[in-house]
Each structure stands twice: as structure tokens, then as C-alpha cells.
Amino acid sequence: MGDESNSMERRTLLKAGLAGLAGIALGAACGRAPEPVAQSPEPASAPPAKGPVMTRTLGKTGLSVSIVGMGVMNADNPRLVEAALNAGINHVDTAHGYQNGRNEEMVGQAVKAFKRDAVVVATKVPPPGEGNAARRKVRYLEMLDISLRRLATDYVDILYLHNVSSRAGVLDETMLEVTAGIKKSGKARFIGVSTHSNEPEVLRAAMDSGFYDVVLTAYNFRQDHREEVRKAIVEAAGAGLGIVAMKTQAGVYWDRERLLPINMTAALKWVLQEPSVHTSIPGFTTFDQLETDLKVMAGLELTPAERLDLNEQPGVAGLYCQQCGRCRPQCPAALPIPDLMRSYMYAYGYRNPGLAHDVLAQLDLPGDPCADCATCDVRCVKGFPVRERVRDIARLRGAPRELLG
Numbered sequence: 261m262g263d264e265s266n267s268m269e270r271r272t273l274l275k276a277g278l279a280g281l282a283g284i285a286l287g288a289a290c291g292r293a294p295e296p297v298a299q300s301p302e303p304a305s306a307p308p309a310k311g312p313v314m315t316r317t318l319g320k321t322g323l324s325v326s327i328v329g330m331g332v333m334n335a336d337n338p339r340l341v342e343a344a345l346n347a348g349i350n351h352v353d354t355a356h357g358y359q360n361g362r363n364e365e366m367v368g369q370a371v372k373a374f375k376r377d378a379v380v381v382a383t384k385v386p387p388p389g390e391g392n393a394a395r396r397k398v399r400y401l402e403m404l405d406i407s408l409r410r411l412a413t414d415y416v417d418i419l420y421l422h423n424v425s426s427r428a429g430v431l432d433e434t435m436l437e438v439t440a441g442i443k444k445s446g447k448a449r450f451i452g453v454s455t456h457s458n459e460p461e462v463l464r465a466a467m468d469s470g471f472y473d474v475v476l477t478a479y480n481f482r483q484d485h486r487e488e489v490r491k492a493i494v495e496a497a498g499a500g501l502g503i504v505a506m507k508t509q510a511g512v513y514w515d516r517e518r519l520l521p522i523n524m525t526a527a528l529k530w531v532l533q534e535p536s537v538h539t540s541i542p543g544f545t546t547f548d549q550l551e552t553d554l555k556v557m558a559g560l561e562l563t564p565a566e567r568l569d570l571n572e573q574p575g576v577a578g579l580y581c582q583q584c585g586r587c588r589p590q591c592p593a594a595l596p597i598p599d600l601m602r603s604y605m606y607a608y609g610y611r612n613p614g615l616a617h618d619v620l621a622q623l624d625l626p627g628d629p630c631a632d633c634a635t636c637d638v639r640c641v642k643g644f645p646v647r648e649r650v651r652d653i654a655r656l657r658g659a660p661r662e663l664l665g
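Right under this line is the structure:
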């Protein structure tokens with residue numbers, strides 16, 4: 261027992277040391293960043309009581325969903341998922357790659373305590389990028405079957421093509437064929453597409469396809485193109501698509517040091533005031549955060565103070581990258597800057613170095629991404645210090661993945 265305890269201590273110390281080496285000062289390994297000390301010095305000791313629950317119909321699926329769902333990406337406590345479901349949330353969202361599969365396993369464990377048809381379970385599987393059509397179909401089916409085993413279920417309610425960013429990706433014939441077969445087989449009731457960027461293009465392509473049932477899209481008050489996104493959401497919802505909003509909390513903090521929290525209640529209300537958004541999947545990792553998000557369903561009207569809180573902070577760039585891509589043509593090294601900024605947000609805003617590492621692992625980066633440039637001429641529309649953030653987050657690649665949660 262002593263050896264096991266010592267091993268765990270060494271593992272914990274090494275994990276903290278590696279996170280520090282990567283420039284990520286993490287008190288916790290994962291999650292939407294814990295509530296700022298000024299707001300909540302301790303997590304709630306008990307799940308919140310059930311309060312009012314607002315529901316909307318998820319487009320042509322006919323599913324009645326709570327307007328506040330649960331994005332489970334950063335959570336690692338099945339009791340928190342159970343508490344959310346007991347409190348009236350009936351929609352949980354995970355993905356094949358989250359926490360190397362442990363996230364889906366946790367969701368499966370939590371959902372077992374409820375009637376299966378009482379919970380809308382959504383997962384996301386990325387379209388395979390390599391191989392011919394036949395091989396891509398086989399690989400996609402293999403990944404879905406793995407996800408279903410982890411979730412301990414025969415089917416998911418919503419299966420998303422994960423992280424699609426173009427019309428071509430939405431209309432990929434191979435993926436349309438394989439997901440149509442999945443739906444026919446009963447392994448997924450509805451098919452959707454998720455997108456972090458080019459949201460209007462993806463929304464309209466999904467609408468034009470006549471195939472998809474749901475779109476999971478980034479939408480928040482910090483997007484410069486938020487009005488364009490909103491218009492596309494309204495059009496897609498009008499055509500019968502179910503609309504699920506993510507990235508609603510816009511990076512969680514205004515600053516890397518996590519001293520200036522974004523008003524989570526105001527940010528979520530802002531999104532849900534658009535009636536064409538049928539539900540949302542904010543991420544929460546504590547009972548206090550769950551209670552904060554649940555209270556939004558008591559009324560969506562923004563108070564004057566909340567409206568003020570949504571104003572941009574002077575001189576503060578924030579952590580949320582809107583994935584506009586305007587930086588890429590400016591970079592002589594052709595670095596995937598939007599992906600690097602997303603990784604940075606996962607590490608510093610979400611306190612999820614594991615997910616940040618996963619994003620980096622998919623990128624073909626040189627040892628020191630910015631070594632060939634004495635100065636950086638890239639100008640971010642949000643004011644990000646691009647070179648500083650790229651070099652900072654790139655160091656995380658040196659940490660063993662298994663130690664990052």
C-alpha cells in the first residue's frame with residue numbers, strides 16, 4: 261500500500277512539474293476553470309436542488325431538450341453528471357476523443373442510473389482523413405462501435421461528424437453514406453455536424469444537404485461575426501435543423517492568469533435569448549458551476565449589470581479564438597495559428613492540458629514554431645500576442661500525454 265501511495269505522489273508531482281514546464285500554471289488538471297476564489301472558494305458539498313427547467317424542441321428531431329445541457333468534455337466526476345440529470349438537464353454531450361475515451365465511459369456509467377429514453381446522449385466522431393472511401397467508412401464505424409461500448413449503450417441519440425469547418429466537409433459523400441447507414445441500423449437516432457469555425461458556411465451547407473438533423477455550433481457574445489452566425493442559425497432552424505450552441509462561455513476568462521472571469525450567467529443568457537438556439541452545452545466541473553448554469557433557466561432576461569459585464573475589457577485580448585483564420589496568410593511559416601490558439605484556450609481557460617496536448621499532437625509543428633522569425637508580423641483581430649502564445653503552448657508537447665489527465 262505504501263509503494264502504491266508513493267507512486268501516486270510521484271505521479272502527481274511529476275504531472276504538476278510538467279504542466280509548469282509547459283507554462284501552464286494549473287492548480288487543477290481539468291475542467292471549465294474552477295469558479296474564481298472571490299465567487300466560490302469551495303465547491304458545493306451537495307448537488308443542487310431541482311429548480312425550473314425550460315425546454316425547447318430540437319428541430320425536426322422532435323426531442324424536447326432542456327435549454328441548458330451539459331458539455332461533459334472537461335468533467336471527470338460521474339456524480340456531477342448524475343446531479344445534472346437529477347436537476348432536470350436531459351442532454352449530455354461527449355466525444356470519441358475526450359480524455360482518451362474515459363469521458364464516454366464516465367457518461368455511460370452516469371446514465372446507467374436513469375431510463376435510457378430519458379436522456380439525450382450525444383457523441384462526436386471525427387471523419388477519418390486518410391484512405392479511400394471504403395477504408396474511411398470502416399474506420400468511422402470502428403470508432404463509433406468503440407464509443408458505444410464505452411457508453412454502454414446500443415445507440416446514441418445524436419451522432420455528430422466532429423469538427424467540420426467547410427461546406428465540402430459537410431457534404432462529404434463518403435461520410436453521408438456511412439452515417440446514413442448508421443442511422444438506418446439504429447446505432448444513432450439522428451445525425452449532426454459540429455463546427456468551431458466558418459459557422460455560417462457549415463450551417464447553410466447542413467441545411468442545403470437535406471440530410472442532417474442537428475448542428476452543434478460555436479456561438480457567443482465575443483464573436484466578431486456573431487450577427488452573421490445568428491442569421492445562419494435562424495435560417496437553419498427555420499429549415500428544421502436542431503441547433504445546439506457550444507463555446508457559449510467564450511473562453512471562461514478574459515485573462516490567462518484567471519483573475520478576470522467572464523460572467524458565465526450573462527454569457528449563457530445572451531446565447532439562449534436567441535429562440536432558434538434550442539439548447540446549449542456549457543461545460544461545468546463543480547456543483548457550484550452546475551447550480552449557476554441551472555439558474556439561467558429561471559429567466560433569460562439580462563440585468564443591466566450583466567449587460568455591462570459582457571462589454572469588452574479594455575486592453576484585454578481574452579482567451580477565446582473565434583477561428584476566423586485571418587492570421588494564417590500573415591504567417592511566413594504557415595503555422596496553424598487558430599488551432600494553436602484553441603489549444604491555448606483549453607490549457608489556460610478550461611484548465612484542460614490533456615485536451616490542449618491532443619490538439620497539438622494533430623499538428624505538424626517544427627521544434628520551435630517561431631524560431632525562423634526575429635519578430636512576428638501576424639496581427640490578430642482580437643489582439644492576441646500570437647508569437648508569445650504559440651511559443652508558450654507549443655512547449656506542452658514535451659509532456660507525456662498520460663500525465664495530463
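For the sequence shown, the residue numbers in the numbering used here are 261 to 665. Note that the Cβ used here is the ideal one computed from N, Cα and C, for glycine as well. These figures come from a predicted structure and were not determined experimentally.
Between Trp514 and Ile503, the gap from beta carbon to beta carbon reaches 8 Å or more.
A contact between stretches requires three or more CB pairs, one per stretch, nearer than 8 Å, and the region 477-484 meets this requirement with the region 576-584.
For Val453, the closest of Gly429, Lys444, Gln359 and Ala616 by C-alpha to C-alpha distance is Gly429. Membership of Thr383 in the beta strand (DSSP E) is indicated by the continuous run Val380 to Val385.
Under the Cβ criterion (8 Å, minimum of three pairs), the region 356-372 does not count as touching the region 391-400. At a Cβ-Cβ threshold of 8 Å, Val352 and Met330 count as neighbours. For Thr552, the closest of Ala465, Ser536 and Met524 by C-alpha to C-alpha distance is Met524. The beta carbon of Leu431 sits closer than 7 Å to those of Ala465 and Ser469, all from its chain and outside the five residues before and after it, given in chain order. The Cβ neighbour count for Lys310, taken over all protein chains shown within 10 Å, is under 16; the residue is labelled exposed. DSSP, read as helix, strand or coil, puts Tyr400 in helix.
Excluding five sequence positions before and after Lys447, the CB atoms of its chain that fall closer than 6 Å to its own CB belong to Tyr415, given in chain order. Across the structure, Leu436 and Lys384 are spaced so that their CA atoms are roughly 15 Å apart.
Taking the Cα positions, Pro535 is about 10 Å away from Ile493. Taking the CA atoms as reference points, Gly614 sits about 20 Å from Leu340. The alpha-carbon of Arg655 is positioned some 38 Å away from that of Val438. Residue burial annotation: Thr413 is buried, with at least 16 other C-beta atoms found within 10 angstroms of its C-beta.
Rounded to the nearest angstrom, the gap between the Cα atoms of Ala631 and Leu520 is 32 Å. Across the structure, Leu625 and Leu595 are spaced so that their CA atoms are roughly 8 Å apart. Asp599 and Val619 have their alpha carbons spaced roughly 7 Å apart. Take Thr354, set aside five residues on each side of it, and the residues of its chain with a beta-carbon closer than 6 Å to its own are Val332, Asn363, Glu364, Val367 and Thr383, in chain order.
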